[in-house]
Amino acid sequence: MEKTWRWFGKNDKITLAMLREIGVEGIVTALHDVPNGEIWTREKIRDLREYIESYGMRWSVVESLPVSESIKYAGPDRDQLIENYKQSLRNLAAEGIHTICYNFMPVLDWARTDLLHPNPNGTSNLYFSFAQFAYFDIYILKRENAEQDWKAMGEKMDRDIVGEAAALRQTMTPEDDHQLVENIIVKTQGFVSGNIREEDEHPVELFRQLLSLYKGITKDQLRENMRYFLSAIMPVCDECDMYMCVHPDDPPFQILGLPRIVTCDEDIEWFLNAVDNPHNGLTFCAGSLSAGKHNDITALARKYAARTWFVHMRSCHIFDNGDFTEAGHLGGRADLIELARIFESVNPQLPMRVDHGMTMLGDENRGYNAGYSFLGRMFAMGQVQGILATVDRELGIEYKQPVNFRQ
Ligand code: DNO
1287 MEKTWRWFGK NDKITLAMLR EIGVEGIVTA LHDVPNGEIW TREKIRDLRE
1337 YIESYGMRWS VVESLPVSES IKYAGPDRDQ LIENYKQSLR NLAAEGIHTI
1387 CYNFMPVLDW ARTDLLHPNP NGTSNLYFSF AQFAYFDIYI LKRENAEQDW
1437 KAMGEKMDRD IVGEAAALRQ TMTPEDDHQL VENIIVKTQG FVSGNIREED
1487 EHPVELFRQL LSLYKGITKD QLRENMRYFL SAIMPVCDEC DMYMCVHPDD
1537 PPFQILGLPR IVTCDEDIEW FLNAVDNPHN GLTFCAGSLS AGKHNDITAL
1587 ARKYAARTWF VHMRSCHIFD NGDFTEAGHL GGRADLIELA RIFESVNPQL
1637 PMRVDHGMTM LGDENRGYNA GYSFLGRMFA MGQVQGILAT VDRELGIEYK
1687 QPVNFRQ
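Residue numbers (the working numbering): 1287 to 1693.
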């Protein structure tokens, strides 16, 4: 697979010069300064592409070309927004970029309750606690039906989530509440979705307004809206050979009363068949999928490798009570060695990035985006390079060595 890295543009504290030193071949990025819904112009795309190329790498994948909320909930301006989206696709293709990672998650792009959950060896990882998430939903957001939803979820999991959230209420301080809000709806969202930004003064209120846009939208309706969007853009994708790859929902289950439609085998099968065109494909995010007990990651990879246009290498560990954390890239529920075998045999050119990574050795003080440390991700990248070199030898594929000496 092509070794790529998610880079957040010229303001990213991790520079392209640093990435060149660690064997990165391709860059995964976006025009982060263009507001959601606006057209990405050829000039802006070209400027960033040329900048990346001046470091000897290519712009391999766009992550993300965001799908506006209004397209997801079928707002009155969705057709105009889809027209803008199509124009951005044409402009990207004209600049030689042909792979787009996007998501169809309402409001919340990805969810964690703790961004620096300490590990015994001094590193830390991202973490999702059901009790804390339910506490946020019931007592901070005060969402109608929150308690009912968590009661139902608890019954499915044989866990008293509502009781645990109530117990937390006795111990959480206002500072803890603030931190939880930061973790769930600010720090994990601002740099990826643009729905909520670090400088927003009343994030909870804003979040409530965003949620209210989805009142009454069922899973079937959201599916129809995705079908509508994909059917509308496919002619442009065909015309300019653009590969769309949806990111699975993270975590892969329902939260906050919102429908989620890319969580499991049946969902993936549904959207691939709904618009049966090779340009409608999947980002195989092993991490997101492995946070759901219902998913067998290796089986999914085998089944969907032929419609996968981008891979996120990451793996989660699920605790007995259902909470999950991000495991190392050689552990957890996703067998990344087996996944490398599967994807390498199908397409050794497939772009792959290590996703997230431990926060380690001072990463925590450097102001990196949540989950996107440098040393932790570099460590993971080293592990994945080792996996690829080994798997390639097994498969008789030539492994492209990072060049670190003069020929
Ligand atoms: C989180 C990321 C997601 C992903 C988007 C794709 O770390 O995996 O934010 O980029 O969902 O649209």
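Here a beta-carbon is modelled for each residue, glycine too, at the ideal position from N, C-alpha and C.
Check                                                                                                                : Outcome
Helix, strand or coil at arginine 1344 according to DSSP, with G and I counted as helix                              : strand
Any non-hydrogen atom of the ligand ADP within 7 Å of histidine 1318 CB                                              : Ligands present in the displayed structure are limited to the ligand DNO, and the ligand ADP is not among them.
Environment of leucine 1622 [buried if 16+ CB atoms lie within 10 Å]                                                 : buried
As assigned by DSSP and simplified to three states, the class of arginine 1292                                       : strand
Supposed close pair proline 1634, isoleucine 1683 - CB separation, criterion 8 Å                                     : 5 Å
Residue range of the unbroken beta strand (DSSP E) whose run includes aspartate 1649                                 : Counting along the chain, aspartate 1649 falls outside any beta strand (DSSP E), and DSSP gives it neither H nor E.
Cβ neighbours of isoleucine 1386 in the same chain (closer than 6 Å, five flanking residues each side left out)      : Val1348, Leu1351, Met1530
6 Å Cβ shell around alanine 1322 - same chain, five flanking residues per side excluded                              : According to the sequence as given, residue 1322 is asparagine; it is not alanine. Correct list, in chain order: Pro1352, Ser1354, Gly1480.
heavy atom of the ligand DNO below 7 Å from histidine 1488 C-beta                                                    : no
Selection from Lys1437, Asp1524, Ile1482 that minimises the alpha carbon distance to proline 1564                    : Asp1524
Alpha-carbon to alpha-carbon, glutamine 1366 and valine 1314                                                         : 27 Å
Leucine 1636 and methionine 1287 closer than 8 Å at C-beta                                                           : yes
Segments assigned beta strand (DSSP E), at least 3 residues, entirely inside the segment 1465 to 1541                : 1529 to 1533
Segments assigned alpha helix (DSSP H), at least 4 residues, entirely inside the segment 1403 to 1428                : 1416 to 1421
Segment contact, 8 Å Cβ cut-off, at least three pairs: the segment 1445 to 1460 with the segment 1420 to 1429        : yes
Check: glycine 1657 C-beta below 7 Å from any heavy atom of the ligand DNO                                           : yes
Proline 1392 beta carbon less than 8 Å from that of tyrosine 1359                                                    : yes
Assumed close pair valine 1670, histidine 1615 - CB separation to whole angstroms, cut-off 8 Å                       : 6 Å
Limits of the alpha helix (DSSP H) - the one that isoleucine 1265 falls within                                       : The requested residue 1265 does not occur in the structure, where the chain is confined to residues 1287 to 1693.
Assigned exposure category for threonine 1645 - 16 Cβ within 10 Å defines buried                                     : buried
Closest by C-alpha distance to histidine 1403, when choosing among Phe1610, Arg1692, Ile1628                         : Phe1610
Threonine 1611 - containing beta strand (DSSP E), residue span                                                       : 1610 to 1612
Paired residues, beta bridge with threonine 1385 - DSSP                                                              : Tyr1529
Valine 1478 CB to nearest heavy atom of the ligand DNO below 7 Å                                                     : yes
Those residues which DSSP pairs with methionine 1638 across a bridge                                                 : Lys1289, Val1597
Delimiting residues of the alpha helix (DSSP H) encompassing glycine 1573                                            : 1572 to 1576
Proximity of leucine 1460 and valine 1472 at Cβ, strictly below 8 Å                                                  : Looking at the sequence itself, residue 1460 is proline, so the reference to leucine does not match. Taking 8 Å as the Cβ cut-off, proline 1460 and valine 1472 do not qualify as a contacting pair.
Residue environment, arginine 1639, which counts as buried when at least 16 other CB atoms sit within 10 Å           : buried
Under the three-state DSSP convention, the category asparagine 1322 falls into                                       : coil
Threonine 1594 versus Glu1612, Gly1608, Ala1572, residue with shortest Cα-Cα distance                                : Ala1572
One or two residues paired with histidine 1615 in a DSSP bridge                                                      : The partner list for histidine 1615 (beta bridge, DSSP) is empty, contrary to what the question assumes.
Glycine 1312 - containing beta strand (DSSP E), residue span                                                         : 1312 to 1315
Three-state class that DSSP yields for threonine 1569 in the structure shown                                         : strand
Delimiting residues of the alpha helix (DSSP H) encompassing isoleucine 1368                                         : 1364 to 1380
Threonine 1569, buried or exposed, once every other Cβ within 10 Å from all chains shown has been counted against 16 : buried
Heavy atom of the ligand DNO within 7 Å of cysteine 1602 beta-carbon                                                 : no
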